[in-house]
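This report refers to the structure that appears directly beneath it.
2 protein chains.
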Amino acid sequence: MENFTYHNPTRIHFGRGQIEKISCEIPAGARVLLLAGGGSIKKNGVYDQVKKALGARVTHEFFGVEANPDFDTLMQAVALARREKSDWVLAVGGGSVLDGAKLVAAAVPHEGDAWQIPATHGGAITAPPLPIGAVLTLPATGSEANGNAVISRRAIKEKLAFYHPLVYPRFSILDPETTFSLPERQVANGIGDAFCHVIEQYLTFPAAAEIQDRFAESILKVLIDEGPKTLASPHDYDARANLIWAATWALNGAIGVGVPQDWATHTIGHELTALHGIDHARTLAIVLPGLMRVQRETKRGKLVQYAARVWDLHEGSEDERIDAAIESTRAFYESLGIRTRLSDYKIKADETAVEVARRLAARGETAIGERGDITPARIEEILLLAA
Amino acid sequence: MENFTYHNPTRIHFGRGQIEKISCEIPAGARVLLLAGGGSIKKNGVYDQVKKALGARVTHEFFGVEANPDFDTLMQAVALARREKSDWVLAVGGGSVLDGAKLVAAAVPHEGDAWQIPATHGGAITAPPLPIGAVLTLPATGSEANGNAVISRRAIKEKLAFYHPLVYPRFSILDPETTFSLPERQVANGIGDAFCHVIEQYLTFPAAAEIQDRFAESILKVLIDEGPKTLASPHDYDARANLIWAATWALNGAIGVGVPQDWATHTIGHELTALHGIDHARTLAIVLPGLMRVQRETKRGKLVQYAARVWDLHEGSEDERIDAAIESTRAFYESLGIRTRLSDYKIKADETAVEVARRLAARGETAIGERGDITPARIEEILLLAA
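The listed protein sequences derive, respectively, from chains A and B. The first sequence begins at 40 in our numbering and counts up one residue at a time. The second sequence begins at 40 in our numbering and counts up one residue at a time.
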C-alpha cells in the first residue's frame, strides 16, 4: 500500500425528509446564494422543501446552471453573490450544479481572473471559498462528498477539472425520494458513471490494498444488483437509496487512497463528448471495454480478480475469464440502456479514433493510464475496438 | 435503509514516516500536552519521531495512561494541562491512550465534576474540547477515527462509554512500522476486537443497506485473510497495513449508519473483564459464538448471508450453514491464539453466567441486542454455551 492522506469532512444527511436539516446547517444570519439548474426542482417539490428549511434567511436565487456547467454562466452567479454579499452557497441539483457551486464559492472571494481556478486545477485558490451546502437530486458524480469540479467554457472550447480541499460541501442532503421523478436516461447515466469511477480507481495493478479493493468490488456489486432494480422500479425506496449511497462512495476518496489510479477512460471519453456531444456516461461505456482489451496485459492481475470477485467467473483459463469479464462489463452497460459502440451513435470509428488521438496528443496527453503507457496509438486502437 | 447522518472529520495520515506530519497539523505556537502509556514508545523510536516533529512547540508530557484508562489517572493529566495552559492534546499510543485523550481534552475546559462527562455518555460536554491529534501504535479500537471513548474508574468500580462529535481527533497518524514491535498477544487482541466491532454492526437483521453490508463483509474478510499473515510475519508491511486500515474502518462509523446495531457481545464481555480481568478481545471471543447460537432465529437472515459471503458456505441446509459459520467464527478466534471457552480461563460457567446476568439486570440492562430481546435468562444461556 502506498502512503496516503485521507480526509472527507462533508456531513451527509441521508434519507426521507432530510432537506429540513438545512435549517440546522446554515446559520440563521447567513446570506444564501441558491444555485440550481433548469427548474425541475420547482416541479418535484424539492424547491418548496428547501425554501421552507431556509425560512427567513436572506436568499438570492440563480437558476440556469446547465449540464457541463459553463464558466460564463457561473460568472453571472458570482456577480449576483458579490452584489448581494452572499456568504453561503447552497447547490440544489445534480453534479453539474454542485460542481458549479464549487467554482462560484471559490470565485466570489478570488481576486483577478477566476478562470485561473480551473486553469490551475485549483492551485490559484488562495482566499477561503464560501461555505457550500448541497441538496443532491441526481446520483452519479460523487460531487456531494468530494472537492472536485469540472467546469466547461464553451466560448473557448475548454473543459477543465479542479480540486481543492476547501470546496468539499460542508453538508450534503441525499433524499432518495427527491430522485424518483428523474428521467430513466439520467438514472442509467448515473449508474454507468459511478461504475466507471470505481473501475478507474480499481482496475489498475495490484497494490496490496485489500480494504480499498474489496470496498471497490462492493460498490460495483451494489451497482450491478441495484442499478437494474431502481431502473425497473423508480419508486422502490431501498433500491434508489442503495444506488445513491453507492454513487457517493464511488468517488468520495475512500477507495482511491494508497492505490494507483487510471482515469484514461474519462480522458478519452471527454473527447467524445467534446466532438460528438455524447452524454458523459455513454462515452465511458464506449471506451471502457476496448480499453480493458488493449490494456489486458498491464491490467492482467486485476482483471482476473475483477472477473472472480465481481462477476463470479471461476471457470476456464485466465484469458477466458478476462474475456468474459470484459463482455460482462459491456453487457451491464447495455442492460442499462447505454449503447457501447460508436456505430450506435452513428459515428465512424476510424475517423474519430484518429481525431481523438490527435487532440489528446496536441494537449500533451500522450502517456495516460496508471502506468503512463496509453499512447496516442493505443487510444486509436481502443476506439477502433468500439467501432 | 434507515435515515442517518454520516460525518467523519478526522484526517488520516497513513504510511511509513508519516509522524513528521505532526509539524503540519499542530500550529507552531501551540502548547501541547503529550499523553502516552507505559513508555514503550521510548523503546521503538516513536517518541523520538514525535519529539522531532513537535520541534520547538511548548510540550508537556504525561506518561502512565493504563490499559482501560482510569479517570483518576486522567485527572492528573487534566491538572497538568490546566497548569501549563495546554491548548492541544497529542495522544501517542493505542486505544486506551486515545480514549484517555478524549476525556482529557473535554475535561480541561469543563466546569464542575468531569466524571459527569462519561456519566452522561458525553451529554455534559458544553465547552469546546481541546483539539486532539493522535499517533496510533496499536490497531484495534478505531478510536483514531471516531468520537468514542471508554473510561474506567477503579475507585468506584465503574466503566462507562461516552461519545461526542467534538472529540474526533483532528488528525491521526497510522504508520504500520510503529506497530512491528507489538507483542503477538496485543496484535491478536486487536484483530479479534475489530472483528467483533464489525459483527456488532452487521449481524442483526437485514435492513436493505447493501453498501454497509458489503463493506462490513469486506472488513471481515480482510481481517480473516490478513490477521494470520500479520501474526506470522509481524514485519510484513502490507499485511500489517491492511490490518490497521481494516481496524479503522471497523469502527469509524461507515458501516454502522442506517442499520440496526447489536453490541450485546460487548456489554456481556465487559462484565467478564470486570469480574475476571480477562482481556477485552478475549471476552468477545467467549461470548460471540454462544450469542450467535442463542439468537440464531432473530439473526437468521443475516447469519445465512454471513455464512455465504464471509465464509463461502453454500452447501447443506440453512441450519447446517449457520452452524458452520458459527464454528468458523470460533475457529478463527482460536487460530489467533484467543481461547473461546470459559474453562480455558479456569472459570466456572454456571456461577459466572448467573453473576453476569445478575449484574446486568441490576443496572437495568435487561433487554439488549438489536431487538432488545436478550434478557438476563438469555445472557445466562449464552454464557453456559461458552462453558
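Cβ coordinates follow ideal geometry from the N, Cα and C atoms, glycine included.
- prompt: Is the region 304–312 of chain B in contact with the region 346–359 of chain B, if contact means three or more CB pairs nearer than 8 Å?
  reply: Under the 8 Å Cβ criterion, the region 304–312 of chain B does not count as touching the region 346–359 of chain B, having fewer than three qualifying pairs.
task: Give me the Cβ distance between B:R70 and B:V97, rounded to the nearest whole Å; I'm assuming they're in contact under 8 Å.
output: By one-based count along the second sequence, residue 70 of chain B stands at place 31. By one-based count along the second sequence, residue 97 of chain B stands at place 58. So it is a contact: roughly 5 Å between Cβ atoms.
- prompt: When you compare each of A:D358, A:I263 and A:I325 to A:Y384 by their alpha carbons, which one comes out closest?
  reply: Reading the first sequence from its first residue, position 345 is the one you call residue 384 of chain A. Out of A:D358, A:I263 and A:I325, the CA that lies nearest to the CA of A:Y384 is found in A:I325.
- request: Let me know if B:H160 comes out buried or exposed under the rule of 16 or more other beta-carbons within 10 Å of its beta-carbon.
  value: Here the question's residue 160 of chain B lines up with position 121 in the second sequence. Under this definition B:H160 is an exposed residue.
Interfacial residues, the region 249–272 of chain B to chain A, with Cβ spacing under 9 Å: Residues passing the 9 Å Cβ filter: E249, I250, Q251, D252, R253, F254, E256, S257, I258, K260, V261, D264 and E265.
message: According to DSSP, is B:A280 part of a helix, a strand, or is it coil?
response: One-based indexing of the second sequence puts residue 280 of chain B at position 241. It is helical.
query: With 9 Å set as the bound, which would you pick, yes or no: does the beta-carbon of B:Q57 sit closer than that to a beta-carbon of chain A?
result: Numbered from 1 along the second sequence, position 18 holds the residue referred to as residue 57 of chain B. Yes - at least one Cβ of chain A is within 9 Å of the one on B:Q57.
message: Going by C-alpha to C-alpha distance, which of B:R410, B:G403, B:E409 and B:R398 sits closest to B:E419?
response: As a first step, residue 419 of chain B must be located in the second sequence, where it is residue number 380. The shortest C-alpha separation from B:E419 is found at B:R398.
- prompt: Which value, in whole angstroms, describes the spacing of the CA atoms of A:I171 and B:I190?
  reply: Here residue 171 of chain A refers to the residue found at position 132 of the first sequence. Here residue 190 of chain B refers to the residue found at position 151 of the second sequence. Spanning the two alpha carbons is a distance of roughly 37 Å.
task: Flag A:T49 as yes if its beta-carbon sits less than 9 Å from any beta-carbon of chain B, otherwise no.
output: Reading the first sequence from its first residue, position 10 is the one you call residue 49 of chain A. Taking 9 Å as the threshold, the shortest C-beta distance from A:T49 to chain B falls below it.
- request: Alpha carbon to alpha carbon, how far is B:A363 from B:Y86? Give it in angstroms, no decimals.
  value: Along the second sequence, read from residue 1 onward, the residue named residue 86 of chain B stands at position 47. Along the second sequence, read from residue 1 onward, the residue named residue 363 of chain B stands at position 324. Near 46 Å, if we compare the C-alpha coordinates of B:A363 and B:Y86.
- prompt: Can you tell me whether DSSP reads A:I377 as helix, strand or coil?
  reply: Residue numbering aside, residue 377 of chain A sits at position 338 when the first sequence is read from its first letter. Assignment of A:I377 by DSSP, reduced to helix, strand and coil, places it in the coil class.
query: Can you find a C-beta in chain A that's less than 9 Å from the C-beta of B:H52?
result: Taking the second sequence and counting its residues from 1, one reaches residue 52 of chain B at position 13. At a cut-off of 9 Å between C-beta atoms, B:H52 counts as an interface residue with respect to chain A.
message: Quick check: the Cα distance between A:L175 and B:R369, rounded to an integer number of angstroms?
response: Here residue 175 of chain A is taken as the residue at index 136 of the first sequence, counted from 1. Here residue 369 of chain B is taken as the residue at index 330 of the second sequence, counted from 1. A:L175 and B:R369 have their alpha carbons spaced roughly 44 Å apart.
message: Whole angstroms are fine: how far does the CA of B:L290 sit from the CA of A:D412?
response: Position 373 of the first sequence, counted from the start, is the residue given in the question as residue 412 of chain A. Position 251 of the second sequence, counted from the start, is the residue given in the question as residue 290 of chain B. Approximately 39 Å, taken between the alpha carbons.
message: Quick check on A:N187: does DSSP put it in helix, strand or coil?
response: Looking up residue 187 of chain A in the first sequence gives position 148. Three-state result, A:N187: strand.
- request: For chain B, find out if any of its Cβ atoms is closer than 9 Å to the Cβ of A:Y345; answer yes or no.
  value: The count along the first sequence starts at 1 and reaches residue 345 of chain A at position 306. The beta-carbon of A:Y345 is placed no less than 9 Å from the nearest beta-carbon of chain B.
- request: At 8 Å on the CB atoms, spell out the chain B contacts of A:G316, in chain order.
  value: One-based indexing of the first sequence puts residue 316 of chain A at position 277. Chain B residues near A:G316: none, gap ~33 Å exceeds 8 Å.
field: Closer than 9 Å at the beta carbon, the chain A residues around B:G162
entry: One-based indexing of the second sequence puts residue 162 of chain B at position 123. Simply none; closest approach about 18 Å.
message: Please report the distance separating the alpha-carbon of A:S356 from that of A:T337.
response: Translated into the one-based positions of the first sequence, residue 356 of chain A becomes position 317. Translated into the one-based positions of the first sequence, residue 337 of chain A becomes position 298. Spanning the two alpha carbons is a distance of roughly 18 Å.
task: Report yes or no: is there a C-beta of chain A within less than 9 Å of the C-beta of B:G277?
output: Within the second sequence, numbered from 1, the residue matching residue 277 of chain B stands at position 238. Strictly speaking, residue 277 of chain B in this sequence is Asp, with Gly absent from that position. So, interface residue.
CA-to-CA distance, A:K341 to A:R50, given in whole angstroms: Position 11 of the first sequence, counted from the start, is the residue given in the question as residue 50 of chain A. Position 302 of the first sequence, counted from the start, is the residue given in the question as residue 341 of chain A. Within the model, the alpha-carbon separation for A:R50 versus A:K341 is close to 33 Å.
query: Are the region 220–232 of chain A and the region 373–380 of chain A in contact at 8 Å, needing three or more beta carbon pairs?
result: The region 220–232 of chain A, when compared against the region 373–380 of chain A, does touch it at the 8 Å Cβ threshold.
task: Examine the Cβ distances between the region 61–78 of chain A and the region 178–198 of chain A and report whether three or more of them are shorter than 8 Å.
output: The way I'd put it, the region 61–78 of chain A doesn't touch the region 178–198 of chain A; fewer than three beta-carbon pairs between them come closer than 8 Å.
B:Y45: contacting residues in chain A (beta-carbon distance under 8 Å): Within the second sequence, the letter at position 6 stands for residue 45 of chain B. Within chain A, the residues near B:Y45 are R50, I51 and F53.
- prompt: From what residue to what residue does the alpha helix (DSSP H) around B:T44 run?
  reply: Your numbering for residue 44 of chain B matches position 5 in the second sequence. No alpha helix (DSSP H) contains B:T44, which is instead part of the beta strand (DSSP E) from F43 to F53.
- request: Could you name each continuous alpha helix (DSSP H) segment of 4 residues or more that falls completely within the region 241–312 of chain B, going from the start of the chain to the end?
  value: For the alpha helix (DSSP H) assignment, the uninterrupted runs of no fewer than 4 residues enclosed by the region 241–312 of chain B are, from N- to C-terminal side, 249–271 and 276–289.
task: At 4 residues or longer, and completely inside the region 317–348 of chain B: list those alpha helix (DSSP H) runs for me, N to C.
output: When DSSP assignments are scanned along the region 317–348 of chain B, the uninterrupted stretches of alpha helix (DSSP H) that are 4 or more residues long and fall wholly within it turn out to be 319–333 and 339–348.
message: For B:Y202 and A:I263, what's the separation of their Cα atoms in angstroms?
response: The count along the second sequence starts at 1 and reaches residue 202 of chain B at position 163. The count along the first sequence starts at 1 and reaches residue 263 of chain A at position 224. Between B:Y202 and A:I263, the C-alpha separation is close to 37 Å.
query: If the cut is a Cβ gap below 7 Å, which residues of chain B does A:N42 touch?
result: Here residue 42 of chain A corresponds to residue number 3 of the first sequence, with the count starting at 1. Those are F53, G54, R55 and Q57, listed as they occur along chain B.
- request: At 9 Å on the CB atoms, spell out the chain A contacts of B:A247, in chain order.
  value: Stepping through the second sequence from its first residue, residue 247 of chain B is reached at position 208. Neighbours of B:A247 in chain A, taken as residues at a C-beta separation under 9 Å, are given in chain order as Y276, D277, A278, A280 and N281.
query: Near B:G139, which residues of its chain fall below 8 Å by C-beta distance, leaving aside the five closest residues on each side in sequence?
result: In the second sequence, residue 139 of chain B corresponds to position 100, counting from 1. L74, V104, P108, T112, L113, A116, A130, A188 and I190, listed in sequence order.
query: Just curious, the alpha helix (DSSP H) that B:G134 is in, first and last residue?
result: Along the second sequence, read from residue 1 onward, the residue named residue 134 of chain B stands at position 95. Judged by DSSP secondary structure, B:G134 falls within the alpha helix (DSSP H) whose first and last residues are G134 to A146.
- prompt: Helix, strand or coil for A:F371 per DSSP?
  reply: Against the first sequence, residue 371 of chain A aligns to sequence position 332. Helix.
Contact set for B:K81: own chain, Cβ-Cβ below 7 Å, skip 5 residues either direction: The count along the second sequence starts at 1 and reaches residue 81 of chain B at position 42. Non-local beta-carbon contacts of B:K81 in its own chain, meaning distances under 7 Å to residues more than five positions away in sequence, are absent.
field: Per-residue contacts from A:W288 into chain B (C-beta, under 9 Å)
entry: Stepping through the first sequence from its first residue, residue 288 of chain A is reached at position 249. Those within 9 Å of A:W288 in chain B are I250, F254 and A293.
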